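Below is one structure, written out as structure tokens; the observations come after it.
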Amino acid sequence: MKKIIARTLNDMYEIILSNGALHHVGEIAGSVIKGKKAFIVTDKNVAALYLNDVTTSFQNAGMTINTHIIQPGEENKNHNELWSLYQCFHQFGLTRSDAVVALGGGVIGDLTGLAAATYLRGIPLISIPTTLLAQVDSSIGGKTAINMPFGKNMIGCFYQPSVVITDPKVLTSLPRSVMNDGVAEVIKYGCIRDIDLFNHLMSGRMDLEWILERCIRIKTAIVENDEFDKGERMLLNFGHTIGHALEKCGDYRRLTHGQAVSIGMLVSAMLGEKQALTSEGTAKRIRDCLLSHDLPVEVPFSADQILEIVQSDKKNFSNTIHFIFLRNIGEAFIHRMAIGDLKHRLKEVMAHV
Ligand SMILES: NC(=O)c1ccc[n+]([C@@H]2O[C@H](COP(=O)([O-])OP(=O)(O)OC[C@H]3O[C@@H](n4cnc5c(N)ncnc54)[C@H](O)[C@@H]3O)[C@@H](O)[C@H]2O)c1
Ligand SMILES: [Zn+2]
Numbered sequence: 000m001k002k003i004i005a006r007t008l009n010d011m012y013e014i015i016l017s018n019g020a021l022h023h024v025g026e027i028a029g030s031v032i033k034g035k036k037a038f039i040v041t042d043k044n045v046a047a048l049y050l051n052d053v054t055t056s057f058q059n060a061g062m063t064i065n066t067h068i069i070q071p072g073e074e075n076k077n078h079n080e081l082w083s084l085y086q087c088f089h090q091f092g093l094t095r096s097d098a099v100v101a102l103g104g105g106v107i108g109d110l111t112g113l114a115a116a117t118y119l120r121g122i123p124l125i126s127i128p129t130t131l132l133a134q135v136d137s138s139i140g141g142k143t144a145i146n147m148p149f150g151k152n153m154i155g156c157f158y159q160p161s162v163v164i165t166d167p168k169v170l171t172s173l174p175r176s177v178m179n180d181g182v183a184e185v186i187k188y189g190c191i192r193d194i195d196l197f198n199h200l201m202s203g204r205m206d207l208e209w210i211l212e213r214c215i216r217i218k219t220a221i222v223e224n225d226e227f228d229k230g231e232r233m234l235l236n237f238g239h240t241i242g243h244a245l246e247k248c249g250d251y252r253r254l255t256h257g258q259a260v261s262i263g264m265l266v267s268a269m270l271g272e273k274q275a276l277t278s279e280g281t282a283k284r285i286r287d288c289l290l291s292h293d294l295p296v297e298v299p300f301s302a303d304q305i306l307e308i309v310q311s312d313k314k315n316f317s318n319t320i321h322f323i324f325l326r327n328i329g330e331a332f333i334h335r336m337a338i339g340d341l342k343h344r345l346k347e348v349m350a351h352v
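Structure below.
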């Protein structure tokens, strides 16, 4: 069993990484909370596969549990579900000594995290991520959110979990497309911080436990230095400025998040090479790596369509943008770029994708 410590401004929590950890969630939870009640939030797919094991583990640890199962899907990360959770917590008589458990992917994690953060001004949160994306990304760093009709992740807060319990075994049941979405984020970690991880992914091997540990350590280190997303954490956005725009261009239906990030990373590397910010050959290596993991590399929209969305993005207050470039594989940096310049360069590189 590996234990990775995540330090926060006022506290710390452990990320427990172990095959079969799902069967020990009750004892682990018992060691971090005082109360005897746990409220489990999950979705229908995950419930069918893992809720029994998790429930049994909590009961064996002497805890009383209650559950709420939502429909799977991004569209359920909304205020109606948040409201239902508050009502369920109240009916169950949850107190600040008890725990809320998020069992699922990033949708469950974000929604449940916000509910835990706000109910009674904060109830301990136990996170059990079950997708690759959730295990390497969304379960670490304390970002919670729901979507609103006017935008994604518009309401949320920073709220750190009491413990994260990561069991690589649960990834075996993931549909291929969901797994690939996570692989795009894993490739991103290799690109921004870890050449060994990138080479491992290029070699065709997939030692999942090793990969998970590398990614968790990278994300933990970056968020420790920048808990509230004001600087270094921006590096995690490599491929995401273009990626988010692509997702939006396709109305969130044409491309999944991972697919959009995949194309975004390649375009960013090409943009970097064009300006001599990125060493030559980097884009080709990224392209090969993406293709070997069945991730897309073709841009299905025009530069104008992409730029229009980048410009209207909520974070762009001025005519310049913080763009993440690579110096080499494993070395990322933040670069301020004028939108006009981005437009001109993007048109240039898109002629060659
Ligand atoms: N908080 C953060 O820092 C952060 C970071 C990145 C993404 N996110 C959020 O994460 C969400 C995406 O998360 P996701 O990609 O995990 O998607 P998801 O939670 O929608 O899960 C994808 C699908 O996989 C199913 N599933 C989950 N675990 C499974 C398992 N072990 N076996 C079989 N099926 C399983 C789910 O039921 C769902 O249908 C988005 O809402 C995004 O905004 C948050
Ligand atoms: Zn992402």
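Be aware that the sequence shown starts at 0, since it is given in numbering that gives the first Met the number 0, and climbs by one per residue. Glycine residues also receive a C-beta, built at the ideal position from the N, C-alpha and C atoms. These numbers come from a predicted model, not from an experiment.
{"Item": "Cβ contact (3+ pairs, closer than 8 Å) linking the region 151–165 and the region 13–24", "Value": "yes"}
{"Item": "Environment of ligand 2 in chain order, Cβ to heavy atom below 6 Å", "Value": "Glu184, His239, His256 and Val260"}
{"Item": "beta-carbon leucine 132 near ligand 1 non-hydrogen atom, thresh 6 Å", "Value": "yes"}
{"Item": "Length-filtered (4 minimum) alpha helix (DSSP H) runs lying within the region 73–131", "Value": "78–91 and 105–117"}
{"Item": "Any beta strand (DSSP E) of 3 or more consecutive residues that is wholly inside the region 10–34", "Value": "11–16"}
{"Item": "Pick from His256, Ser311, Gly329 and Asn152 that is closest to threonine 281, judged by C-alpha positions", "Value": "Gly329"}
{"Item": "heavy atom of ligand 1 below 6 Å from valine 309 C-beta", "Value": "no"}
{"Item": "Own chain partners of glutamine 258 with C-beta closer than 6 Å, once the 5 adjacent residues on each side are dropped", "Value": "Pro295"}
{"Item": "Leucine 50 beta carbon near ligand 1 (any heavy atom closer than 6 Å)", "Value": "no"}
{"Item": "Collapsed DSSP secondary structure at asparagine 318 in the structure displayed", "Value": "coil"}
{"Item": "Aspartate 250 CB to nearest heavy atom of ligand 1 below 6 Å", "Value": "no"}
{"Item": "Counterpart residues of lysine 1 in DSSP-defined beta bridges", "Value": "Leu16"}
{"Item": "Start-to-end residues for the beta strand (DSSP E) that takes in aspartate 42", "Value": "36–42"}
{"Item": "Residue range of the beta strand (DSSP E) that includes histidine 334", "Value": "330–337"}
{"Item": "Range of the contiguous beta strand (DSSP E) that encloses histidine 239", "Value": "Premise fails: histidine 239 lies in the alpha helix (DSSP H), 239–248, not in any beta strand (DSSP E)."}
{"Item": "Terminal residues of the beta strand (DSSP E) in which lysine 354 lies", "Value": "Outside the shown range of the chain (0 to 352) lies residue 354, about which nothing can therefore be said."}
{"Item": "Neighbourhood of aspartate 109 by C-beta distance below 8 Å, restricted to the same chain and skipping five residues each side", "Value": "Lys76, Ser137, Lys142, Thr143, Ala144, Ile145, Asn152 and Gly155"}
{"Item": "Helix, strand or coil at lysine 142 [DSSP, three-state]", "Value": "strand"}
{"Item": "Check whether glycine 25 and phenylalanine 57 have beta carbons under 7 Å apart", "Value": "yes"}
{"Item": "Rounded C-alpha distance that separates methionine 354 from glycine 181", "Value": "As shown, the chain starts at 0 and ends at 352. That puts residue 354 outside it, with no answer to give."}
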